[in-house]
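Here is the structure we will look at.
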Amino acid sequence: MTVLYVNGAPAGFFELLQVDEDNVELSHFGMFEHALGLRLGKWFLLQTLYAAWNSNPKTVRVATNTLDHPRALQLYQRFGFSPVSTHDATVLPLSDDEFLTLAHSL
784 MTVLYVNGAP
794 AGFFELLQVD
804 EDNVELSHFG
814 MFEHALGLRL
824 GKWFLLQTLY
834 AAWNSNPKTV
844 RVATNTLDHP
854 RALQLYQRFG
864 FSPVSTHDAT
874 VLPLSDDEFL
884 TLAHSL
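Residue numbers for the sequence shown follow our numbering, so the first one is 784 and each next one is one higher.
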């Protein structure tokens, strides 16, 4: 995980997954709400992509969904990504018991 700091506070993050020799996945990318509007998102995504291509993969992939910023897909497309598939899914919140079990395991 790589974290972007602004004035000593985390402002964004990304995580890359080297799937295999030929494929890298941008598994997590985000900006914290207090950093939105600072005009850092495009610059930080560019730095992320430089890091992703550093291992000379044949492909770099990213997945986005409706939980992401409403313009995330548009931004990824501006940086050269093309949609290859879509699917519907439902995100269910953890029950209180599941949350407590998870919290106690940490």
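Yeah, the Cβ is synthetic: ideal placement off N, Cα and C, and Gly gets one too.
Report yes if the C-beta distance between residue i and residue j is below 7 Å; otherwise report no.
i: Leu-787; j: Phe-812; result: no
i: Thr-847; j: Ala-855; result: yes
i: Ser-810; j: Leu-800; result: yes
i: Glu-798; j: Met-814; result: no
i: Val-807; j: Pro-840; result: yes
Taking just the CA atoms, how far does residue j sit from residue i?
i: His-817; j: Pro-793; result: 9 Å
i: Asp-805; j: Arg-844; result: 11 Å
i: Phe-796; j: Ser-878; result: 28 Å
i: Ala-872; j: Phe-882; result: 21 Å
i: Tyr-833; j: His-887; result: 38 Å
i: Asp-803; j: Thr-849; result: 27 Å
i: Pro-876; j: Val-789; result: 31 Å
Could you check what DSSP says for residue i in three-state terms: helix, strand or coil?
i: Phe-797; result: strand
i: His-887; result: helix
i: Glu-816; result: helix
i: Ala-834; result: helix
i: Glu-977; result: Any property of residue 977 remains undetermined from this structure, which presents the chain solely from 784 to 889.
i: Ser-822; result: Strictly speaking, residue 822 in this sequence is Arg, with Ser absent from that position. It is coil, neither helix nor strand.
i: Asp-880; result: helix
i: Leu-844; result: The sequence given here has Arg at residue 844, not Leu. Strand, per DSSP.
i: Ala-872; result: coil
i: Leu-829; result: helix
i: Leu-856; result: helix
Counting pairs of Cβ atoms below 8 Å between the segment 855-875 and the segment 826-841, do you hit three or more? yes
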